[in-house]
Each structure stands twice: as structure tokens, then as C-alpha cells.
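In this note's numbering, the protein residues as written are -2 to 189.
Just so you know, even glycine gets a beta-carbon here, dropped at the ideal spot from N, CA and C.
Since this is a predicted model, take the numbers as computed values, not measurements.
Data first, discussion second: the structure below is written as C-alpha cells.
Next up, the structure:
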């Protein structure tokens, strides 16, 4: 979204709404623009955000080719409502997730403390669940590598990897489960 429209028009209105409502309004609006027919939407998003990056920034890591080292965190778009638009903004990779086997019952807003300039995210991950994630990924025209952050037990992770493998380039998992490696030829990155 261009800086002039956000600060002048949208920020005064959106700052009065709960953060998840404001976030979803922006993401759905951007995705609506990105969905315009005849490729017009991606051209408009590209014009607003510029997606080009120098070939000097390209890098290959574990068999995945990245156009640049800038990625979009899954925390920015946990419900995947803006992913179609974000894929046109020139990121080197898009992280999806955290994804859990089942969706979160209720999404809670982060707590924003404007005085301390601090954001506290809810302890339970905001997740669409596996089924809805697959539905949204199937509609996405992939322009950059997609890494999916998975959260769950070893058994849940096995189910999710088998279901998601054809949509992604790699996985991010919070704890090491060596038993998962034979399930996929995609790289698995462990957070430590």
C-alpha cells in the first residue's frame, strides 16, 4: 500500500480497530487488487511495491533458489488472506504458518503497548489448520519459495508433511525429529 494513502487515509481509521480486524481488512483489500483479471492485479501490486531485485542477491541454499535474502514471516499473514498480494511484492521467500493440524478455535489479537512500543503475541499460535491451508495454497500462483512452519507432535507433523509436500519448498520445525527426514525430499530447518 503506498505510504501516502496509508498514513493519510487508512491509518487514522484502522488504528481505531482491533489489530486483527485492521490486518485482515488490509490483506483482503490487497488480495482483491491482486485478483483483478488479465494479470492487472499483479501489475498494480508490483507498481505499488516494486518486485524487482538484482541478480547479485540470488542465492541457493539446500537446493532452494532465493531471488534475494528478504523473506516474509508467517506471523504477518497467519490466515493467508494477503498471500496472493505478498507474492507480488518481491520477497525472496514467503513463510506460511505456524500451521497446526487443526485450526485455532478463536484468534486473539496481539496486545499493543504504544507507550512501551511493545507487541505481545498470544501464546497459542494463530492457525488455519491443515485443510484450509491446503485449500489456499492450491489457489496460490507461486512466484518464490514457500517455507511452512509446522507446530505439533511428531505424529501430527508426519500427517502435515505428507499432505503439504507438493505445495512447498521446505519446512521449519521448532524441535528436531530426525524421523521426519525420510518423509520428504524437501529440506527441514530446525529452530534452535
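(message) With a threshold of 6 Å on Cβ separation, who are the neighbours of residue 253 within its own chain once the five nearest residues in sequence on each side are excluded?
(response) Residue coverage of the chain in this structure runs from -2 to 189, which leaves residue 253 outside it and unanswerable.
(request) Can you check the stretch 84 to 145 for any alpha helix (DSSP H) of at least 4 residues that lies completely inside it and give the ranges in chain order? (result) 127 to 136
(message) For the alpha helix (DSSP H) containing residue 26, name the first residue and the last one.
(response) As a working note, residue 26 is residue 29 in the chain shown. 16 to 31 is the extent of the alpha helix (DSSP H) around residue 26.
(message) Relative to the C-alpha of residue 169, which candidate in 148, 159, 175, 59 has its C-alpha closest?
(response) Taking the chain shown and counting its residues from 1, the one referred to as residue 169 is at position 172. Cα-wise, what sits closest to residue 169 is 148.
(request) Take residue -2 and list the residues in its own chain whose beta-carbon comes closer than 6 Å to its own, dropping the five residues that flank it on each side. (result) Position 1 of the chain shown, counted from the start, is the residue given in the question as residue -2. Residue confidence is low: residue -2 scores 47 on pLDDT, short of 50, so the model does not pin down where it sits. Its coordinate-derived value is still stated next. If we look at residue -2 and ignore the five residues flanking it on each side, it has no Cβ neighbours.
(message) Does the stretch 135 to 142 come into contact with the stretch 78 to 92, if we say contact requires no fewer than three beta-carbon pairs (one atom in each stretch) closer than 8 Å?
(response) yes
(message) So, for residue 118: in the same chain, excluding its five sequence neighbours on each side, which residues have a beta-carbon less than 6 Å away from its beta-carbon?
(response) For the purposes of this step, residue 118 is identified with residue 121 of the chain shown, where counting begins at 1. The residues are 107.
(request) Look at the alpha carbon of residue 33 and the alpha carbon of residue 39, and state the distance between them as a whole number of angstroms. (result) Numbered from 1 along the chain shown, position 36 holds the residue referred to as residue 33. Numbered from 1 along the chain shown, position 42 holds the residue referred to as residue 39. Their backbone Cα atoms lie some 8 Å apart in a straight line.
(message) Using a 10 Å radius around the Cβ and a threshold of 16 neighbouring Cβ atoms, would you call residue 44 buried or exposed?
(response) Position 47 of the chain shown, counted from the start, is the residue given in the question as residue 44. Answer is exposed; the Cβ neighbour count stays below 16.
(message) Excluding the 5 residues flanking residue 134 on each side, which residues of the same chain have their C-beta closer than 7 Å to its C-beta?
(response) Walking along the chain shown from the start, residue 134 turns up at place 137. Cβ within range, chain order: 164.
(request) Report the option in 115, 145, 114 whose CA atom is closest to the CA atom of residue 125. (result) The count along the chain shown starts at 1 and reaches residue 125 at position 128. Taking only the C-alpha atoms, the option nearest residue 125 is 145.
(request) To the nearest angstrom, report how far apart residue 74 and residue 11 are at their CA atoms. (result) The residue you call residue 74 lines up with position 77 of the chain shown. The residue you call residue 11 lines up with position 14 of the chain shown. The alpha-carbon atoms of residue 74 and residue 11 are separated by roughly 17 Å.
(request) Could you tell me the boundaries of the beta strand (DSSP E) in which residue 153 lies? (result) Working through the chain shown from its first residue, we reach residue 153 at position 156. Premise fails: residue 153 lies in the alpha helix (DSSP H), 151 to 161, not in any beta strand (DSSP E).
(request) Flag this pair as yes or no: are the beta carbons of residue 80 and residue 25 separated by less than 7 Å? (result) Locating residue 80 in the chain shown gives position 83, counting from the first residue. Locating residue 25 in the chain shown gives position 28, counting from the first residue. Against a cut-off of 7 Å, the Cβ pair of residue 25 and residue 80 comes out as no contact.
(message) Short of 8 Å in beta carbon distance, which residues of its chain neighbour residue 19, apart from the five on each side in sequence? Order them along the chain.
(response) Translated into the one-based positions of the chain shown, residue 19 becomes position 22. Only 11, 12 meet the Cβ criterion.
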